[in-house]
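Peer 1: These protein sequences, in sequence, are chains Y and Z. Each residue of the first sequence is one higher than the one before, starting from 215 at the first, in this note's numbering. Each residue of the second sequence is one higher than the one before, starting from 1046 at the first, in this note's numbering. Don't be surprised by glycine CBs; every beta carbon is placed ideally from N, CA and C.
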Amino acid sequence: MNIFRLAGDMTHLISVLVLLLKIYATKSCSGISLKTQELYAMVFLARYLDLFSDFISLYNTVMKLVFIGSSLAIVWCMRYHRVVRRSYDRELDTFRYWILVGACFTLALVLHEKFSFQEVFWAFSIYLEAVAILPQLVLLQRSGNVDNLTGQYVFFLGAYRAFYILNWIYRYLTEPRFTRWISCVSGLVQTALYADFFYYYFISWKNNAKLQLPA
Amino acid sequence: KDHESDHDEL
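Okay, structure coming up:
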């Protein structure tokens, strides 16, 4: 564990807490893409298949349970909670994400570290996470102004993988045989997808104005 | 452990 990875995990945890806070405090999920939440639930379920077979550390296990539990709870809330579900922007959140799921799974069948059930699903989860934010970014552009908590949620979600990139650089420089090309390339693509969001987020912060993404 | 893919990251 290094400071970059810890910062990344904490930033990821903060993004989840901010989203839970938004939904719990405002009893509303307006501006949140259910599709992105469902994609993230798939990402965690596919990535943490080794949850019970490979014990790495208490921290690792606890964080996996937190990410799986929170993503499933948010999907449940947005679908079935009688108050929250009314504020879901159903007609704006129309990204056909099964194309993404199919493409990522096909890529994982071709490109993986080892051809085993667990490894293919692990590579699938890495590719899927890289594009999982797309429905959310599309929804932000369509829904015009973005409330603060939603903007902060997306910001922290994008920042966490940027910390992971620093972690991979650090591990590459300090550990002799460290190569994680699948994670690194996907992580770069994932962070690049947030580039324009980060730009408009910085502008809104600098001008102390509402976050506005151009339609 | 070496045959296992060491996915020690989240």
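At the level of alpha carbons, what is the spacing between G222(Y) and V297(Y)?
Peer 2: So the two alpha carbons sit approximately 33 Å from each other.
Peer 1: Excluding the 5 residues preceding and the 5 following E343(Y) in the sequence, name in chain order all residues of the same chain whose CB lies nearer than 6 Å to its CB.
Peer 2: V257.
Peer 1: Just to confirm my understanding: we take Q426(Y), look at its own chain, exclude 5 residues before and 5 after, and list those with CB closer than 8 Å. What are they?
Peer 2: So the list reads G358, N359, V360, Y414, S418, once near-sequence residues are dropped.
Peer 1: Using only the heavy atoms of the ligand PLP, determine whether one of them is closer than 7 Å to the beta carbon of L321(Y).
Peer 2: Annotation note on the ligand PLP: not contained in the displayed structure, which lists no ligands.
Peer 1: Taking all protein chains shown into account, decide if S330(Y) is buried (16 or more other Cβ within 10 angstroms of its Cβ) or exposed.
Peer 2: It counts as exposed.
Peer 1: Does the beta carbon of M256(Y) sit closer than 8 Å to a beta carbon anywhere in chain Z?
Peer 2: Closer than 8 Å: no.
Peer 1: Excluding the five sequence neighbours on either side, which residues of its own chain have a C-beta within less than 6 Å of the C-beta of C243(Y), listed in chain order?
Peer 2: I237, M292, V298, S301, Y302.
Peer 1: Taking just the CA atoms, how far does R391(Y) sit from Q251(Y)?
Peer 2: Roughly 35 Å separates the two Cα atoms.
Peer 1: Any Cβ of chain A within less than 8 Å of the Cβ of Q355(Y)?
Peer 2: The structure shown has no chain A; the protein chains it does contain are Y and Z.
Peer 1: Decide if Y294(Y) is buried, meaning its Cβ has at least 16 other Cβ atoms within 10 Å, or exposed.
Peer 2: Classification of Y294(Y): exposed, given that the 10 Å Cβ count is below 16.
Peer 1: Can you tell me whether DSSP reads N422(Y) as helix, strand or coil?
Peer 2: Note: N422(Y) maps to coil in three-state DSSP.
Peer 1: So for N359(Y), helix, strand or coil by DSSP?
Peer 2: Three-state DSSP puts N359(Y) in a strand.
Peer 1: Mapping DSSP to helix, strand and coil, what is N381(Y)?
Peer 2: N381(Y) falls in the helix class under three-state DSSP.
Peer 1: On the criterion of 16 or more Cβ atoms from any shown chain inside 10 Å, does G316(Y) qualify as buried, or is it exposed?
Peer 2: With fewer than 16 Cβ atoms within 10 Å of its Cβ, G316(Y) is classed as exposed.
Peer 1: Does the beta-carbon of R304(Y) have 16 or more other beta-carbons within 10 angstroms, so that it is buried, or is it exposed?
Peer 2: Counting Cβ neighbours within 10 Å, R304(Y) comes out exposed, since fewer than 16 surround it.
Peer 1: Among the residues of its own chain, which have a CB less than 7 Å from the CB of F369(Y), if the five just before and after it don't count?
Peer 2: Excluding sequence neighbours, F369(Y) sits near Y415.
Peer 1: Among the candidates C398(Y), Y311(Y), A376(Y), whose CA atom is the shortest distance from the CA of Y254(Y)?
Peer 2: When each option's Cα is compared against that of Y254(Y), the closest is Y311(Y).
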